[in-house]
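Participant:
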């Protein structure tokens, strides 16, 4: 199960992701919220993957509304406050996805099932969408003022 692997290898994957993000950091500001946010987001990914599996090990057909909207909106607002571009946000979340897939390829003989990987991607996309909605609202307010 992917969620078990991600939980067991949490520190190593987060460290790899931090290295990837550090390469982007030259052009990005940071804050305590954004630094704390990565492990929180990672744990939410594990929670979504775990919630998709019932006690018998069978996959549920849960909707992807399990995206943690309040957390996504908080990170989106912080990203706007720091002046992150859409590109920077996409690259930041992409770094986590890359870190996970790279770490799995380099350190595990098992692979994620297509369903697990789809859930992972859909959850990350939920954060993109939350940021894009906030970004659009921000641009509208600038145009109206």
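In our numbering, the protein residues as written are 2 to 146.
Note that beta-carbon positions come from the ideal geometry of N, C-alpha and C, so glycine has one too.
Keep in mind the model is a prediction, meaning the values are calculated, not measured.
1) Going by beta carbon distance, what residues of the same chain come within less than 7 Å of residue 81, once the five residues before and after it are set aside?
2) Could you give the residue range of the alpha helix (DSSP H) that holds residue 108?
3) Which same chain residues end up closer than 8 Å to residue 133 when comparing Cβ atoms and leaving out the 5 residues on each side of it in sequence?
4) Would the stretch 17-26 and the stretch 116-123 be scored as touching if the rule is three or more Cβ pairs under 8 Å?
5) Between which two residues does the alpha helix (DSSP H) holding residue 150 run?
6) Report, in whole angstroms, the separation of the C-beta atoms of residue 125 and residue 94, which I expect to be a contact under 8 Å.
7) Closest to residue 129 by CA distance: which of 108, 72, 114 is it?
Facilitator: Reading from the atomic positions:
1) 135, 136, 139
2) 87-108
3) 87
4) no
5) Within the shown structure, residues of the chain are numbered from 2 to 146, placing residue 150 beyond reach of any answer.
6) 5 Å
7) 72
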